[in-house]
Amino acid sequence: MRVLSVVLALALGTVACGPSPDAAPPVAPSGTLVVVLREGAARVPFQPKVARILRANEQLTAILGHSIQIEIDGSLLPQDHEGAQDVIARLVEDVARQMDALRKEEPAAFAFAKERFERLVVRYAPTEAAERQRAAWIGARGNPAKLDVKTRTIDVVQGEARWMPISEYALARELHRAHEAESTARYERTPPESLPASERAAWVSFHEHERQAPKAVRDADPYASIGTFDAFRVRGMITVHALATREGDAKLAQRARAYLVKTIDTLGRVYLNERAASVDAPPGSSFRQAEAAYLAWLRAELPRMSHAEKTELTTWIFAVDNQGRAPRDAPWIYPGIDRMAFVLGAVDEWIRGGHPASARGGDSLYEKSFCPLAAEADDGEGRTVPLRRNGTARLSGAGRCETWFYRWVSTEPEREAQLADAVLARKDARFTAAVAHGMRSATSSKEGAARYVRFMRRFEGHAESWRIASGWVDYAEMPADLLREELRRIWRTSPPLRSTALLFFGRQASHLYPEQVKATWADFLQGTRADDSVVTAYFDEGELEAFDLTPAVWPAFVNDAKRTTRVTKAARALLDRGRDGRGRGAEPSVTRTLAIVGGLLCAEHATTEVAELRAFAQGELTARPGAGFTDVLEATEPNECNRRAAENGRLPRPRPATPRPDPRPDLFPPKPPLMPNELPGGGGSRW
Amino acid sequence: MVKRILAVAALVAACGGAEPATKAPAAGIRDVVVMRTGASTPLPFDARGGRLTRVTQEVTALLGHPVVLELDTALSPEIASSLEETVLASFEGLAGELAVLRTHAPGVFAEAKKLERVLCTYDAVAKESRAALADGGRVLEVRSPPDRFPLLERGVATEALVTAYEGALDDRFGDADPSRLSTTEAEAWFAYMTKTRAWLAARERAAGERSARTTDTLRIEHLARIVALGNAIDPRSALGKKVKAHLLRELELADRTPRLGRWADHADEATSAKLVKGYDEWLVRTTASFDDEDRLAVYRGLVEKRFQSCGTCVATPAFPSFDVLAFGLAVHEDWARAGATTEPPKTARGELWHQIVCPRLRGRSPSRSCGRFFEVALADPGWRAKLANAILDRRDARLLESALTTGTIRSTKPAIALLEAVGGSNPTMFRQATTWLVEDESQSGIASALEGMSGAWWREQPSRRGLVLLLQARHWESLGPHYGDSAATRFAAEHGGPASDDVLADFLAFGPRAVELAPAAWKALARTASRDARVAAALPALLERDRAEHTTRATVTLARLRKAFCEEQDAAGFAALRAELTRWAKARPDDAASVSNAIADASLAKCPPSN
């Protein structure tokens, strides 16, 4: 600083003679140039830059584990000692900073640096510097640093003297590059079995990154690497896994295993995106060999795989292409892997575990494979109801479920048969429901509905399973003609299923015009009415829904006194249980239905049954005040009954329930009742 | 006279340079002695002088001789050290630029080797440094404004050298006839024309005014000269391949006829015509040497890019002798010969197939990313006629299918014209095509378009009445039984009564889809025993389709047939139905449920009571 100050004083002194440095700021007339010269600050009595160099070097030694030699070309240094010290300090600091970054970001390259970096030479060579940086001219990133592995020296060339001799992490980049180059030369195509055991971890580290196989290899063998599936790498990982397992190196075995589990993704993408190449690959090709080795490994390891590993596999084992190309279910995909057994294994685990709900919000093996349903379902209005056949379902995960498995199943009748057999063998209600729901979800088109009907036929010999499975027939979306014909057949040929068929047909019949009722029911019943056992089972089928549909299915009941007894019995049970399971909420619906039934009985002149119903209503009126039994008494009142009889049995349409008084009418005004055509299944065929 | 400072590289070099990188002390940085020396004392060596020596040595090594840097004193800093720094930086920059030129521009570097002096002169009004070569390239004259650092700014020397080099090239090649050049000269000429702007720049300068017409005409002329070279050399030679790659890239700009290049709209007609003629000749001459990449480039240039620019003008030949339609059909043939895969490989050949053929699985709509070749082929009457002839000549049903599916993604009307053209000469192909069109529900657009032809076909082509009935039945089915039956009844009334037995036979011959649609067409059929027998006999085809596709679609058809027989009180019909289905059920005992209702209900006694 002193040197520069002196020079400055001399230079300016020739321009104008200013006052002494200590003079007060002058007040000078305009037009006079005044220059004030001051002394520089007093210097400290020690050399801080030297201390910087020492401390930085200590840190560098601590990072690398050893000191390095630094040689800097004298021509790159400033002319004076202070400047030179500053440049040297910055150089050592920069080297330390770059090594520290390498240690944190690229541990493998840092380990390489510790062994291979002992000397740093910074030279002045403008031409060479320009050539090393020339890549920058064509868009690449040049590097003035170059490592000579033999002499463990990094040679940095500079085209000019700068205060920061090494820029842009040149050393770290060069060490990383050199490490990559050495690793590539050493591990890229060297089979792991030919390496010493101590280097296998490095081999895995190198191959864990999905590097593309060398061009020369790809040119020589078009099947060596398809997409990111590198035959050499996959086989090498299998070898490492086997060797590490045998030698008790659990950590390395786990790394290789993790890679191999993820390889299902790579292979799946080959099947999906490189379909032509993967189909065309000849049997002895490197792809086929690696594929066979990998799938053999997979088969062997599947029984030992964790839940998380199986979850990882599931995505790609069943993923089906949605882009309009061929489904990924051709026989050449994952040959030898029994995908059905894989899912059924998960099902058995789920059943053994007591149907556990997903702990991870619908992302588990179960949700990704067979998609279990919740133990309880939502009725669509936020109320939780028991899992029943009401067309609504809640998934056991967080509302996310994949239908890949079911789509895969639905492409082959043999798979459908296998799955149906598995359902029947397990006799697990929730699995049965999951399969029915999944198969219906996977076949949503018109053709899918026709396929689903055929699938359901597989359960007809097993009444309980069929009942559970049929609960997931979304009757609102099924073609009405198809469903009606299927129900007619079931009514005729499968007596144990009649109660369920009656419930389903009742849903359709509730939307008939009065003039259609007689012919439609006659066609459905085919001469066989619902006897007492069927009626009893019917009321057990759909609970409140079945009871609500009583007027609609009334023509199906055998015309005897038992029917009224069954109706009142079912009504009592419903009132006891209630909509909420605690005796509340069912009254308006039940009493409305009973009033309609009373009207029907009147129209039939069934005086004994009218009396029975009236007596029941009379009894309940005192037991359940406010439930609406006066409606029933009114409907069965003799005068009213006679009037109905005179109308000769016109079937009254079900009336919508009287809305219950809302405790907060201002906040939640009652909604108008739904019209018939707004109900589920509305708009069905009326022939 | 302007005083100058001479920094003679050779002399400076003689002052001695710094020692080369010496071996570092064994103990590392701790042993550097800088700490023990007084902080304000100068270094024991001349760092800047050492750099100057080294850099001038390097410049000498690069050029083979020293270079003298002459400075106008008006440009010189007043402090000696600053002068040294600016001289040093000038040489450092020059060394770097020369090193890069040596590697990346050998021609320019050869020009640079003549350089002996760099003369920096003061220019008070200049805003930027400007340089030019003088004295046969031996002197680089730089005119700079004051206060520039370094005196010889970065890039100035390179720019001057490149300008001089291009000027020399232009002197040598500017008016040369490319067809008369030797092979070596042609290489240099091609590099001059494609890697420099010298030709265009010189002629734009010579033209004086910069108008769109001048610029565009020059560009067309420039390209025409390269085309002329292409026509003079072997396309398989090394240079021929370079020229081919260049011309195929340029082909993408051939968006309008007769002018080439969207940037050459204003070129004069004569020059444009000359270019088109040359290009045309080149394409015909070179086509045989095209590989898959080249063909893809041709497709992109003559179909894709032109379509983007002017739609179906693609069919108007940009080059009179190059048949784009034949080119596309050859690609289709190549695809068919290679196995007609629906999964084209990810190669240039596969991409060509994807773009032109657009392979797809039946039942799947063609990809929207497919090209527009067949769309043009169908839309242009001339191409459509040629396409129809090609289909007929080759009896290529696959080509017809490709054209109908790929060419009708956006418009279905031209498909009818093509079908008519093919069907007029080959009814069998027409039948095959219409069969899969009706079966393939992804092609409902064309099938609906065919409906529009029903009236004319019914009147004029009795052999197509079965097809007309089928197309109508598709429509009636979509209306539902109530309105559908009314429409079918009206159809019979307006078409000379119910369809005859022959028409029904023809209708049912269209396969399972026709059988499925038979109830929808029922009101349009004449009530005869033959009708019942024919429909019953056709039912197994429908049931077999259900088995194959594991569906139950026949269920609804059977129920609707029952309804029809009940309404007609047709006991004979029931009998025929029952007999056929019973036979089928016996042969397929595992699938009895599919016909269970139909057999059980097959009598008038089982008909539902009328309401």
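Residue numbers (the numbering used here), protein chains in the order written: chain A, 110 to 796; chain B, 2 to 612.
Just so you know, even glycine gets a beta-carbon here, dropped at the ideal spot from N, CA and C.
For residue j and residue i, believed in contact at Cβ under 8 Å, the rounded distance
i	j	result
E344/B	R232/A	E344/B to R232/A, Cβ: 57 Å. No contact.
A572/B	K524/B	Their Cβ separation, rounded to whole angstroms, is 19 Å, which puts A572/B and K524/B out of contact at 8 Å.
L526/B	P499/B	6 Å
A736/A	L684/A	7 Å
H298/A	F341/A	Inspection of the sequence shows that residue 298/A is occupied by Arg rather than by His. The pair is a contact, with the Cβ atoms about 6 Å apart (cut-off 8 Å).
P660/A	L709/A	6 Å
V662/A	L611/A	6 Å
T673/A	L722/A	6 Å
Selected residue, minimal CA-CA separation from residue i, among the options
i	options	result
P301/A	E624/A, E167/A, T673/A and V349/A	V349/A
T817/A	C750/A, L280/A and L229/A	Because residue 817/A is not part of the residues shown, which for chain A are 110 to 796, the question remains open.
E71/B	A127/B, E79/B and L153/B	L153/B
V516/B	E167/B, R206/B and A474/B	A474/B
H333/B	E85/B, S426/B, F323/B and R399/B	R399/B
E581/B	L540/B, G408/B, A489/B and F374/B	L540/B
R601/A	G425/B, A422/B, L99/B and N598/B	N598/B
H620/A	A589/A, T674/A and I275/A	A589/A
L482/A	K627/A, A646/A and D537/A	D537/A
P216/A	V196/A, A239/A, A238/A and I172/A	I172/A
F291/B	S501/B, K245/B and G302/B	K245/B
A127/B	R198/B, P147/B and A418/B	P147/B
V140/B	C121/B, E129/B and F150/B	C121/B
W93/B	T54/B, C314/B, A450/B and F511/B	Correcting the residue type first, residue 93/B is Glu in the shown sequence and not Trp. Looking at the Cα atoms, T54/B is the closest of the given residues.
A588/B	T490/B, R548/B, T556/B and A576/B	R548/B
E550/B	R563/A, P331/A, H546/A and G268/A	R563/A
G467/B	A450/B, A510/B, H496/B and S479/B	A510/B
V258/A	V370/A, V706/A and H288/A	H288/A
Local conformation of residue i per DSSP, three classes
i	result
V231/A	strand
D189/A	strand
Y443/A	coil
R597/A	helix
V136/A	Residue placement at V136/A is flagged as unreliable, the pLDDT there being 46, under the threshold of 50; a coordinate-derived value is accordingly withheld.
D571/B	coil
F656/A	helix
R589/B	coil
K607/B	helix
L248/B	helix
Residue burial classification, residue i (beta-carbon count within 10 angstroms, cutoff 16)
i	result
H190/A	buried
P609/B	buried
A245/A	Note that A245/A has pLDDT 48, beneath the 50 cutoff, so the model's placement of it is unreliable and the number below is only indicative. Classification of A245/A: exposed, given that the 10 Å Cβ count is below 16.
G463/A	exposed
D649/A	exposed
A412/B	A small correction: the amino acid at residue 412/B is Ser; Ala does not occupy that position in the sequence shown. With fewer than 16 Cβ atoms within 10 Å of its Cβ, S412/B is classed as exposed.
W630/A	buried
G174/A	exposed
E214/A	exposed
Y296/A	buried
F150/B	exposed
- Three or more C-beta pairs below 8 Å linking the stretch 228 to 241 of chain B and the stretch 169 to 184 of chain B: Between the stretch 228 to 241 of chain B and the stretch 169 to 184 of chain B, the count of Cβ pairs shorter than 8 Å is three or higher; the stretches touch.
- Taking contact to mean at least 3 C-beta pairs separated by less than 8 Å, is the stretch 154 to 162 of chain B in contact with the stretch 101 to 114 of chain B? yes
- Query: Between the stretch 359 to 367 of chain B and the stretch 289 to 306 of chain B, do three or more beta carbon pairs fall short of 8 Å?
  - Reply: no
- Task: Flag this pair as touching only if the stretch 435 to 447 of chain B and the stretch 370 to 386 of chain B have three or more C-beta atom pairs under 8 Å; answer yes or no.
- Result: The answer is no - the stretch 370 to 386 of chain B does not touch the stretch 435 to 447 of chain B, with fewer than three Cβ pairs under 8 Å.
- What are the residues of the stretch 52 to 63 of chain B that lie near chain E, defined by any Cβ-Cβ distance shorter than 9 Å? The chain labelled as chain E is not found among the protein chains of the depicted structure, namely A and B.
- Message: Would the stretch 202 to 212 of chain A count as touching the stretch 59 to 78 of chain B if we require 3 or more Cβ pairs under 8 Å?
- Response: no
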